[in-house]
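Residues in the sequence shown are numbered consecutively from 1, following full-length UniProt numbering.
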Amino acid sequence: MVLDAAEPHRIAVLLLPPVVGFDASIAPMLFGAAVDDHGDPLYDVVVCGLDEQPVMTTHGYAITPAAGRAALATADTVVVPGTRFPSVRIDGVLTPLVRAALDSIRPGARLVSICTGAFVLAAAGILDDRPATTHWKYAEDLRRLHPRVDIDEDVLFVDDVDVLTSAGLAAGIDLCLHVIRSDHGARVANAVARYCVVPPWREGGQAQFIDRHLPVLDDSSTAATRAWALRHLGGELTVDRLARHAHLSLRTFNRRFREETGQAPGAWIRSRRVDRARELLESRDLPVDEVARLAGLGSGANLRHHLRRGVGMSPSSYRKVYQGV
């Protein structure tokens with residue numbers, strides 16, 4: 001989906017008690033930070049509840065929504081954060097009030113869940129016969145309650161066009177950045193990531209559980225080599241060269257890299273190069289072969305292959321969409 005920036009896209013974040021407070025803050029923070037070249041907001045985000053009363057969180061404080069469920073009727077996108085709402089988490093069913101709220105969502109609106117928010121969409125029947133994910137710890141519960149849902153607990157998020165689901169906590173950030181990137185391009189999404197001081201891109205298919213979530217700040221970490229690689233994407237970045245830069249054996253480097261990123265070095269480099277190519281296509285009028293060279297993809301044919309595979313567009317179509325030329 002590529003949005004017309006002439007009018008902010010309206011997002012409603014539905015809080016169901018007790019809501020996971022961290023999850024509830026993700027969409028307002030990230031979408032609220034997305035602006036165009038003039039500094040104007042690209043999204044109009046409203047946090048709503050079933051009514052306008054404070055909504056308890058899972059950790060001892062309450063959030064007062066700005067609107068009630070009526071806000072859902074005018075939303076272009078509805079985000080459901082993680083929740084322990086008893087009827088959906090225990091029985092897999094909606095209460096009449098929640099059912100009425102979801103029924104008020106206009107046809108064609110995009111639906112997004114973060115973490116156990118997937119239980120709400122599943123209870124509504126929205127995830128039947130669709131691929132979806134949730135936090136790995138609760139995947140079996142979701143599978144038991146809703147056997148028609150095609151659950152993959154091994155990924156960070158699933159984009160099924162008009163319905164998107166994510167794993168827990170930080171994976172919600174990854175999904176929101178993915179949505180912003182799909183709507184407005186890599187440059188806007190990367191600017192939001194920089195503002196929020198979070199990584200700009202993690203593949204949706206990356207594993208939820210990584211043994212070493214944070215790089216070990218010693219000589220065995222690949223963090224410095226990854227930072228160096230990002231500054232030299234246009235150069236030769238073989239796994240051998242990366243391992244030498246990290247002063248590690250090839251075997252140790254590959255193992256450390258997977259532990260720290262959840263990806264093989266080659267796949268990680270390729271993803272970063274495609275992302276760099278997308279930025280160049282959005283912001284500069286360079287020939288396709290030059291974009292491919294600067295991004296380290298070698299040839300225009302290689303760039304066309306990866307871009308079609310990743311976003312379903314040719315480089316010229318991608319540039320036209322995001323530059324409007």
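The C-beta atom is built at its ideal place from N, Cα and C for all residues, glycine as well.
Please read all numbers here as calculations on a predicted model, not as lab measurements.
{"Asked": "If we call anything under 8 Å between Cβ atoms a contact, is A123 one with V88?", "Found": "yes"}
{"Asked": "Out of curiosity, what's the CA-to-CA distance linking E260 and P200?", "Found": "16 Å"}
{"Asked": "Short check: CB of L42 to CB of V188, under 8 Å?", "Found": "yes"}
{"Asked": "Could you have a look at I210 and say whether DSSP puts it in helix, strand or coil?", "Found": "Residue placement at I210 is flagged as unreliable, the pLDDT there being 45, under the threshold of 50; a coordinate-derived value is accordingly withheld."}
{"Asked": "Could you tell me which residues DSSP pairs with L164 in its beta bridges?", "Found": "V112 and D159"}
{"Asked": "Only counting the same chain, and skipping five residues up and downstream in sequence, which positions put a Cβ closer than 6 Å to that of E279?", "Found": "A186 and R187"}
{"Asked": "On the DSSP bridge list, what partners appear for C48?", "Found": "L14 and A67"}
{"Asked": "Does A229 pass the burial test, meaning 16 or more other C-beta atoms within 10 Å, or should it be called exposed?", "Found": "buried"}
{"Asked": "Relative to the C-alpha of A75, which residue among L111, R144 and V311 is closest?", "Found": "L111"}
{"Asked": "I need the straight-line Cα distance from R251 to G310, nearest angstrom please.", "Found": "29 Å"}
{"Asked": "Are L72 and V80 close, meaning C-beta to C-beta below 8 Å?", "Found": "no"}
{"Asked": "So which of A246, G172, I105 and H38 has the shortest CA-CA distance to P28?", "Found": "G172"}
{"Asked": "How is the beta strand (DSSP E) around V274 delimited, first residue to last?", "Found": "Where V274 is concerned, there is no enclosing beta strand (DSSP E), although the alpha helix (DSSP H) it sits in stretches over P265 to S283."}
{"Asked": "Using CA atoms only, rank isn't needed, just tell me which of V149, H247 and Y322 is closest to S283.", "Found": "Y322"}
{"Asked": "DSSP three-state call for Y61: helix, strand or coil?", "Found": "coil"}
{"Asked": "Go through its chain and collect everything with a Cβ distance to V35's Cβ below 7 Å, but skip five positions before and after it.", "Found": "P41 and L42"}
{"Asked": "What is the DSSP secondary structure of P315, counted as helix, strand or coil?", "Found": "helix"}
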